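Peer 1:
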Amino acid sequence: MSDEQQQNAAIALAREMGLSDAAIERRQKIVGLEAADLARIAAIRDIVLPRTEPYADVFFAHLAALEEARPLLTNSSLLNKARKLKAEHLAALVSGQYGTPYVLQRIQLGLLYAKARLDTRIFLGAFHHLLHDIGADIMKYSTGDASERFEQFMSLKKVAFFDIGIIVDVLVFERERVIRQQQEAIRELSTPVLQIRDRLLLLPIIGVIDTHRARLITESLLVAIRDNRAKAVVMDVTGVAAIDSKVANHLMQTVSAARLMGATVIVTGISSAVAQSLVALGIEMTTMRTVGDLQGGLEEAEQMLGLRVVADKSALRYEAP
Amino acid sequence: MTPVQDEVQVAVESESDIVTARQRVRAMAAALGFSSTDQTLIALAVSEIARNIVSYATRGVVTLSEVTEGGRTGILVVAHDDGPGIADVGLAMRDGYSTARSLGMGLPGAKRVTDEFEIDSAPGRGTTIRMTKWRP
Amino acid sequence: MAATILKQGKVLIASIQAALSDRELIELRDAFADRVGRFRSHGVIVDVTALDVLDSFATRTLRDIAYTAKLRGATAVVVGIQPEVAFAMVQLGLSLDGIATALDLEEGMALLAGIEEDDPRAR
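First to last, the sequence lines map onto chains C, Y and E. If you're matching positions, the first sequence starts at 1 in the working numbering and goes up one per residue. If you're matching positions, the second sequence starts at 1001 in the working numbering and goes up one per residue. If you're matching positions, the third sequence starts at 2001 in the working numbering and goes up one per residue.
1) Could you give the DSSP three-state label for residue 1133 (chain Y): helix, strand or coil?
2) Considering residue 235 (chain C), what are the terminal residues of the beta strand (DSSP E) in which it resides?
3) Closest by CA to residue 2116 (chain E), which one among E:2098, E:2099, E:2085 and E:2041?
4) Do residue 1037 (chain Y) and residue 219 (chain C) have their CB atoms nearer than 8 Å?
5) Judging by CA-CA distance, which residue of C:68, C:65 and C:48 is the nearest neighbour of residue 87 (chain C)?
6) Are the CB atoms of residue 2053 (chain E) and residue 1072 (chain Y) nearer to each other than 8 Å?
7) So, with DSSP's three-state summary, where would you put residue 1077 (chain Y)?
8) Under 8 Å, with one C-beta from each stretch per pair, do the segment 2048-2066 of chain E and the segment 2079-2093 of chain E reach the 3-pair mark?
9) Have a look at residue 46 (chain C) and residue 90 (chain C) and give me their C-alpha separation to the nearest angstrom.
10) On the three-state DSSP scale, how would you describe residue 265 (chain C)?
11) Do you know offhand how far residue 2022 (chain E)'s Cα is from residue 1016 (chain Y)'s?
12) Using Cβ-Cβ distances below 7 Å, what residues of the segment 2086-2105 of chain E are close to chain B?
13) Going by CA-CA distance only, name the one from C:270, C:131 and C:81 that's closest to residue 236 (chain C).
14) With a threshold of 8 Å between beta-carbons, can residue 1105 (chain Y) be considered close to chain E, or not?
15) Taking contact to mean at least 3 C-beta pairs separated by less than 8 Å, is the segment 70-78 of chain C in contact with the segment 156-172 of chain C?
16) Give the single residue among Y:1031, Y:1088, Y:1063 and Y:1030 whose Cα lies nearest to the Cα of residue 1046 (chain Y).
17) When DSSP labels each residue in this structure, what does residue 199 (chain C) get in the three-state scheme?
18) Which residue's Cα is closest to the Cα of residue 254 (chain C): E:2034, E:2057, E:2062 and E:2088?
19) Can you tell me the Cα-Cα spacing of residue 114 (chain C) and residue 153 (chain C), whole angstroms?
20) Taking only beta carbons into account, state which residues of the segment 254-272 of chain C come closer than 7 Å to chain E, listed in chain order.
21) Please say whether residue 24 (chain C) and residue 100 (chain C) have beta carbons closer to each other than 8 Å?
22) Along chain Y, in chain order, which residues have C-beta atoms closer than 7 Å to that of residue 2053 (chain E)?
23) Is there contact between the segment 255-265 of chain C and the segment 2100-2110 of chain E, where contact requires at least three CB pairs shorter than 8 Å?
24) Could you tell me if residue 1087 (chain Y) is buried or exposed, where buried requires 16 or more neighbouring beta carbons within 10 angstroms of its beta carbon?
25) Got a sec: is the Cβ-Cβ distance from residue 2116 (chain E) to anything in chain C below 8 Å?
26) Just how far apart, CA to CA, sit residue 1125 (chain Y) and residue 223 (chain C)?
27) Can you tell me the Cβ-Cβ gap for residue 120 (chain C) and residue 171 (chain C), rounded? I've got them flagged as a contact below 8 Å.
28) Out of C:281, C:300, C:280 and C:242, point me to the one whose CA is closest to residue 289 (chain C)'s CA.
29) Can you tell me which of E:2035, E:2028, E:2010 and E:2009 puts its alpha carbon nearest to the alpha carbon of residue 2017 (chain E)?
30) Within this structure, are the beta carbons of residue 1118 (chain Y) and residue 2056 (chain E) separated by less than 8 Å?
31) Taking the beta carbon of residue 44 (chain C) as the centre, do at least 16 other beta carbons fall within 10 Å, making it buried, or is it exposed?
32) Could you pull the start and end residues of the alpha helix (DSSP H) that residue 2064 (chain E) belongs to?
33) With the cut-off set at 8 Å, would you say residue 945 (chain Y) and residue 1012 (chain Y) are in Cβ contact?
34) Please classify residue 139 (chain C) as buried or exposed, where buried requires at least 16 neighbouring CB atoms within 10 angstroms.
35) Please classify residue 144 (chain C): does DSSP put it in a helix, a strand, or coil?
36) When the Cα atoms are used, what is the spatial distance from residue 2091 (chain E) to residue 1091 (chain Y)?
Here is the structure:
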């Protein structure tokens, strides 16, 4: 990924995470970052700046000792990018400017870690190690008495915690993204629309239909109607676990939407028991064409499309007029 | 719930403003990453609400803003007018109700396609509608 | 105007290119009414492929167009409703019950031709 692409990815993620200017200010407030802190950080700037490379090395050396960090360390291009960003970050850490550009930089680094599947425990451990070394140098080289130097370190730590908040959120967000994608893939597999002959689609539905799934099924069907130029759809609900009034409503909506696109839906697989209970619930199913079984439904659909069944000595052949 | 972006305000007075309101909310929804289907639903809800303003109240304002709450992002639509107000909100929210030439599908329909829907209206007090749709 | 009416034999076709204002929709309806009578058209096709939203007013106007056409002995077909629009309409409770629909212009013409075939008056 080029630098520009990385920048854009960070901007997009910041947006998704809701990291507006207001949200960033809020986060700074949450860690208690104030003007006095900025003054103290300015005082130790010259201790940290010349040492950013060695500090970055400490960070990665710590990771090198960990089995879990292997994916990052064995990927040389990721590692080099991460090193560069880390050194830049350490310089920015003492810059006193912690607004949007700073946050975007953190996000970029977070995305790299996510890509390397570096999880939060590992990141926290390495970061702590790094902070410890910076702290030690502040105590050693800074001016003022011990309590002043301690306060300087504590001010820097506020920024560090601000950082941690962002990086951890990025890691969690990215992990959830993967889970969402997997869930999406599973859902897609569960709503197959099959073209069984010219202009005729078969939609077998199995399992539970909740509002979300009903919507997915309808959307898939409508797109399939357009792509296949379908005029007839056989929607088989034999495999649907429970057909109550809500599910019946979903089915009717699907039928209505398909009709708006010029396709007729024949619903098959509604047992007489289910049909009766729906009538008892006051559901008007008359707007839907229903046929008992799938075979019957297919035959009716074919008739509707004007396909004729021609009897042949050896087998039944379907022939278009 | 905090609005995190500058709001977009659309003055609604004529029917061409209905189209404007619809297009602005669709653009905002697209920028926020809503799916194409959801963009259409939001645009439709705003269209119906804006239409009500033009039909019953002559003029009003539709304000669009981005909102976040607990990590999720959404779009908030606030429609306000100083029109005559709705005497019986319950009746108006019932499907099929209409006193004017529109289908009367506006309010119940808009409520159906949004996640949160509040209406505050009374004769002489005008009408304010707040609706939110969250991005899944 | 964002919609012009073309005549193809006994069929009038209007392709709506962009969001029409309420006034333009009414103009379209009246234009159809006028031409159906003048040309004694058998069919009317309204192509809404380019529309990304069909709200209650547009839906009502389409119904008006269909009704006006029927009064003058013509059949109306609405074509080109896109998947998202169909979905949104159904969610909102808008329907085009009683009006013929088809996938696109080609299908719309085929539908009208089929109706013609069955109609003894067309002979």
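Using N, Cα and C, we set each Cβ at its ideal position, and we do this for glycine too. Values in this document were obtained by computation on a predicted structure and should not be read as measured data.
Peer 2: By the coordinates alone:
1) Along the second sequence, one-based indexing puts residue 1133 (chain Y) at 133. Of the three classes helix, strand and coil, the one that applies to residue 1133 (chain Y) here is strand, per DSSP.
2) The residue given as residue 235 (chain C) occupies position 235 in the first sequence. The continuous beta strand (DSSP E) containing residue 235 (chain C) extends over residues 232-240.
3) On the third sequence, position 116 is the one that residue 2116 (chain E) refers to. Nearest option by C-alpha distance: E:2041.
4) As a first step, residue 1037 (chain Y) is located in the second sequence; it is residue number 37 there, counting from the start. As a first step, residue 219 (chain C) is located in the first sequence; it is residue number 219 there, counting from the start. Cβ distance < 8 Å, so residue 1037 (chain Y) and residue 219 (chain C) count as in contact.
5) Taking the first residue of the first sequence as position 1, residue 87 (chain C) is located at position 87. Per the C-alpha coordinates, the member of C:68, C:65 and C:48 positioned closest to residue 87 (chain C) is C:48.
6) Numbered from its first residue, the third sequence carries residue 2053 (chain E) at position 53. Numbered from its first residue, the second sequence carries residue 1072 (chain Y) at position 72. In this structure, residue 1072 (chain Y) does not lie closer than 8 Å to residue 2053 (chain E) by Cβ.
7) Here residue 1077 (chain Y) refers to the residue found at position 77 when the second sequence is read from its first residue. It is a strand residue.
8) They touch, by the three-pair rule.
9) On the first sequence, residue 46 (chain C) is found 46 positions in, with the first residue counted as 1. On the first sequence, residue 90 (chain C) is found 90 positions in, with the first residue counted as 1. Roughly 12 Å separates the two Cα atoms.
10) As a working mapping, residue 265 (chain C) is identified with position 265 in the first sequence. Strand at residue 265 (chain C).
11) By 1-based counting over the third sequence, the position of residue 2022 (chain E) is 22. By 1-based counting over the second sequence, the position of residue 1016 (chain Y) is 16. Our two residues, residue 2022 (chain E) and residue 1016 (chain Y), have alpha carbons roughly 8 Å apart in a direct line.
12) The structure shown has no chain B; the protein chains it does contain are C, Y and E.
13) To locate residue 236 (chain C), count along the first sequence from 1; it is residue 236. Nearest C-alpha to residue 236 (chain C): C:270.
14) As a first step, residue 1105 (chain Y) is located in the second sequence; it is residue number 105 there, counting from the start. In this predicted model, residue 1105 (chain Y) has a pLDDT of only 47, less than 50, meaning its place in the structure is not dependable; the value taken from the coordinates is given anyway. Judged by the 8 Å Cβ criterion, residue 1105 (chain Y) is in contact with chain E.
15) Touching, no.
16) If you number the second sequence from 1, residue 1046 (chain Y) lands on position 46. Closest option to residue 1046 (chain Y), Cα to Cα, is Y:1063.
17) On the first sequence, residue 199 (chain C) is found 199 positions in, with the first residue counted as 1. Reduced to three states, the DSSP call for residue 199 (chain C) is coil.
18) Numbered from 1 along the first sequence, position 254 holds the residue referred to as residue 254 (chain C). Minimum Cα distance to residue 254 (chain C) is reached at E:2088.
19) Numbered from its first residue, the first sequence carries residue 114 (chain C) at position 114. Numbered from its first residue, the first sequence carries residue 153 (chain C) at position 153. Using only the alpha carbons, I get a separation of about 28 Å.
20) Per Cβ criterion, the list reads 256, 257, 259, 260, 261 and 262.
21) For the purposes of this step, residue 100 (chain C) is identified with residue 100 of the first sequence, where counting begins at 1. For the purposes of this step, residue 24 (chain C) is identified with residue 24 of the first sequence, where counting begins at 1. Remark: C-beta atoms of residue 100 (chain C) and residue 24 (chain C) approach each other more closely than 8 Å.
22) Counting from one through the third sequence, the residue named residue 2053 (chain E) turns up at place 53. Using a Cβ-Cβ cut-off of 7 Å, residue 2053 (chain E) is close to 1022, 1040, 1043, 1044 and 1047 of chain Y, given in chain order.
23) Two segments are said to touch when three or more pairs of C-beta atoms, one from each, lie closer than 8 Å; by this definition the segment 255-265 of chain C touches the segment 2100-2110 of chain E.
24) Mapped onto the second sequence, residue 1087 (chain Y) falls at position 87. Exposed is the label assigned to residue 1087 (chain Y), since fewer than 16 other Cβ atoms lie within 10 Å of its Cβ.
25) Residue mapping note: residue 2116 (chain E) aligns to position 116 of the third sequence, counting from 1. No, no contact with chain C.
26) Start at 1 with the first residue of the second sequence, and residue 1125 (chain Y) comes out as number 125. Start at 1 with the first residue of the first sequence, and residue 223 (chain C) comes out as number 223. One C-alpha to the other measures close to 45 Å.
27) Translated into the one-based positions of the first sequence, residue 120 (chain C) becomes position 120. Translated into the one-based positions of the first sequence, residue 171 (chain C) becomes position 171. Residue 120 (chain C) to residue 171 (chain C), Cβ: 5 Å. Contact.
28) The residue labelled residue 289 (chain C) in the question sits at position 289 within the first sequence. Comparing alpha carbon positions, the residue from C:281, C:300, C:280 and C:242 closest to residue 289 (chain C) is C:300.
29) To locate residue 2017 (chain E), count along the third sequence from 1; it is residue 17. Check the Cα spacing between residue 2017 (chain E) and each of E:2035, E:2028, E:2010 and E:2009: the tightest is with E:2028.
30) Start at 1 with the first residue of the second sequence, and residue 1118 (chain Y) comes out as number 118. Start at 1 with the first residue of the third sequence, and residue 2056 (chain E) comes out as number 56. One thing to note: residue 1118 (chain Y) has its Cβ no nearer than 8 Å to the Cβ of residue 2056 (chain E).
31) As a working note, residue 44 (chain C) is residue 44 in the first sequence. That one is buried.
32) Numbered from 1 along the third sequence, position 64 holds the residue referred to as residue 2064 (chain E). Per DSSP, residue 2064 (chain E) belongs to the alpha helix (DSSP H) from 2056-2071.
33) The requested residue 945 (chain Y) does not occur in the structure, where chain Y is confined to residues 1001 to 1136.
34) Counting from 1 along the first sequence, the entry for residue 139 (chain C) is found at position 139. Under a 10 Å Cβ-count criterion, residue 139 (chain C) is classified as exposed, with fewer than 16 other Cβ atoms of the shown protein chains found around its own Cβ.
35) As a working note, residue 144 (chain C) is residue 144 in the first sequence. In the structure shown, the three-state DSSP call for residue 144 (chain C) is coil.
36) Translated into the one-based positions of the third sequence, residue 2091 (chain E) becomes position 91. Translated into the one-based positions of the second sequence, residue 1091 (chain Y) becomes position 91. Their backbone Cα atoms lie some 20 Å apart in a straight line.
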